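Asker: Mind looking over this structure? Questions follow.
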Amino acid sequence: MRSRGDLEDMDPTREPEAAGAQRPVSYRLITPLEWFRIPLASEEARNRSVRVLVDRTFPNRDQDTVRRREFAELIGNLAWESAVKDGLELYLSTQAVLGVPVPAALVVTVEAPDEPGSSLQAPPAVLAEAQQREYPGAEVGVVSLAAGQSVRVRRSEVPAHAEELGAPQGRTSTLLTHIVPVPDTGALLVLSFSTPLEELADALVEVFDAIAGSLRWQE
């Protein structure tokens, strides 16, 4: 699935650009067809998308009343939490293998600098060092994507909603983050992937990296 996200004017304190210079106003990502997109910027669009996902997952309104309500509450809370953390989009995997769901998620957020000279404007190598200090046991590196250099962080943790998402209690989730500087803005686009399935973590991380590799800026 191909999607397009809009970037706001994230640094109004910047000086005007040199003639001919343009900064991106949107981005594009390609995700698997089984991934469902929930836009987060608009509450109305967010709630509408949650209702569509509930209808697709539990189409029988009469027989699945309780499960529909519980699922709507869970996904609605996830979407709301992502939105209040400056999320632009939330993607949820609806893929199943032999009837077993393959849970995975992606939240796209933007981190804008509070002022000129912010630490967000540091080179990727410096950002990677900061991530390594914050997550000592994580796998951290700088990789090249079509959209530019990305600080790639792979780590594990026990997520807040693990049990509700179908993961056994006490199981850790695999998290993969790509932190990509938005050209000519000082801001960072953050792609936060996660899955509670440790058995499929390596295979899903390959999918996550492929999605990150599809990132393109649109001027």
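The numbering used here puts the sequence shown at residues 956 to 1174. Where is the CB? At the ideal position from N, CA and C, for every residue including glycine. Note that the coordinates shown come from a computational prediction; the quantities given were computed from them, not determined experimentally.
Give the DSSP-derived three-state secondary structure of proline 1056 in the structure shown.
Answerer: DSSP places proline 1056 in strand when its eight states are reduced to three.
Asker: Could you tell me the alpha carbon to alpha carbon distance between serine 1099 and threonine 1127, rounded to whole angstroms?
Answerer: If you take the alpha carbons of serine 1099 and threonine 1127, they lie about 28 Å apart.
Asker: Find out if the Cβ-Cβ distance for the pair valine 1108, valine 1095 is shorter than 8 Å.
Answerer: The answer is yes: Cβ separation under 8 Å.
Asker: Mapping the DSSP letters down to three states, classify glycine 1042 as helix, strand or coil.
Answerer: Glycine 1042: strand per DSSP, three-state reduction.
Asker: Once you ignore the five residues that flank leucine 1159 on each side, which residues in its own chain have a CB closer than 6 Å to its CB?
Answerer: Once the five neighbours on either side are set aside, the close Cβ partners of leucine 1159 are Ala1059, Thr1150.
Asker: Using CA atoms only, rank isn't needed, just tell me which of Val1137, Glu1036, Pro1068, Arg1011 is closest to serine 1048.
Answerer: Residue Arg1011 is the option with its Cα nearest to serine 1048.
Asker: Quick one: what does DSSP say phenylalanine 1163 is sitting in, helix, strand or coil?
Answerer: Correct three-state label for phenylalanine 1163: helix.
Asker: So for alanine 1051, helix, strand or coil by DSSP?
Answerer: Strand, per DSSP.
Asker: Under a Cβ-count criterion, where at least 16 other Cβ atoms within 10 Å of its own Cβ denotes burial, should valine 1145 be classed as buried or exposed?
Answerer: Valine 1145 should be labelled buried.
Asker: Is it true that the segment 1161-1170 meets the segment 1130-1139, where meeting means three or more beta-carbon pairs spaced less than 8 Å apart?
Answerer: Touching, yes.
Asker: Could you give the distance in angstroms between the alpha-carbon of valine 1039 and the alpha-carbon of glutamate 1174?
Answerer: Rounded to the nearest angstrom, the two C-alpha atoms are 27 Å apart.
Asker: To the nearest angstrom, how far is it from the Cα of leucine 1033 to the Cα of alanine 1102?
Answerer: In a straight line, the C-alpha of leucine 1033 is about 28 Å away from that of alanine 1102.
Asker: Less than 8 Å between the CB atoms is what I'm expecting for glycine 1042 and valine 1062, so what's the real figure, rounded?
Answerer: Glycine 1042 to valine 1062, Cβ: 5 Å. Contact.
Asker: Whose C-alpha, out of Pro1079, Glu1089, Ala1142, Val1057, is nearest the C-alpha of glutamate 1154?
Answerer: When each option's Cα is compared against that of glutamate 1154, the closest is Val1057.
Asker: Arginine 1024 by DSSP, collapsed to three states: which one?
Answerer: Correct three-state label for arginine 1024: helix.
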